[in-house]
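Q:
In our numbering, the protein residues as written are 6 to 140.
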């Protein structure tokens, strides 16, 4: 049985699109995968603090308001990630690929570009329960 770790994933919407990233090929977990951005929660952090830190570190963005969406389990060969999805409802900045090969927006009907079922499930939940607002 793998070790369980807490992870946050961040849905950043602009008009009718959501930001995704292509992970670097040298990453130990899920190299080259197209995913919703996020990362591990550090010891002593709240989920919201982890969301703010990950946005700054990975994308160069700031967000003032987060809304919890869902939790899913992502099993990797190295660890089992308890992934909590949050929607960043008020973000500023221009997305940068700081820790990824690239970042780009995908449309509502492009969820097939995502490599993981949990990310696709999160987007279905996001689009099903929320009208996307312009950033």
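For every residue, glycine included, the Cβ atom is placed at its ideal position computed from N, Cα and C. Small disclaimer: the values here were computed from a predicted structure and weren't measured.
1) Note down the Cα distance separating residue 42 from residue 7, rounded to an integer number of angstroms.
2) Would you grab the beta carbon distance between residue 107 and residue 58 for me? Rounded to a whole angstrom, and I think it's under 8 Å.
3) Nearest-angstrom Cα distance between residue 132 and residue 48?
4) Can you name the residues that DSSP bridges to residue 16?
5) Mapping DSSP to helix, strand and coil, what is residue 137?
6) When you compare only the Cα positions, how much space is there between residue 115 and residue 51?
7) So what does DSSP say about residue 44, is it helix, strand or coil?
8) Nearest to residue 33 by alpha carbon, out of 24, 61, 82 and 78?
9) Taking the continuous beta strand (DSSP E) assigned at residue 110, which residues delimit it?
10) Buried or exposed, going by whether 16 or more other CB atoms sit within 10 Å of the CB of residue 30?
11) Just the C-alpha distance for residue 22 and residue 9, rounded to the nearest angstrom, thanks.
12) What is the C-beta distance between residue 12 and residue 91, in whole angstroms, given that I count them as a contact (C-beta under 8 Å)?
A: On the basis of the supplied data:
1) 22 Å
2) Rounded, the Cβ-Cβ distance is 21 Å, inconsistent with contact.
3) 32 Å
4) 92
5) Note that residue 137 scores 39 on pLDDT, short of 50, meaning its location in the model is unreliable; the coordinates nonetheless yield the value given after this. DSSP places residue 137 in coil when its eight states are reduced to three.
6) Distance between the alpha carbons of residue 115 and residue 51: 32 Å.
7) If DSSP states are grouped into helix, strand and coil, residue 44 belongs with the strands.
8) 82
9) 105 to 112
10) exposed
11) 31 Å
12) The distance from the Cβ of residue 12 to that of residue 91 is about 11 Å, inconsistent with a contact at the 8 Å cut-off.
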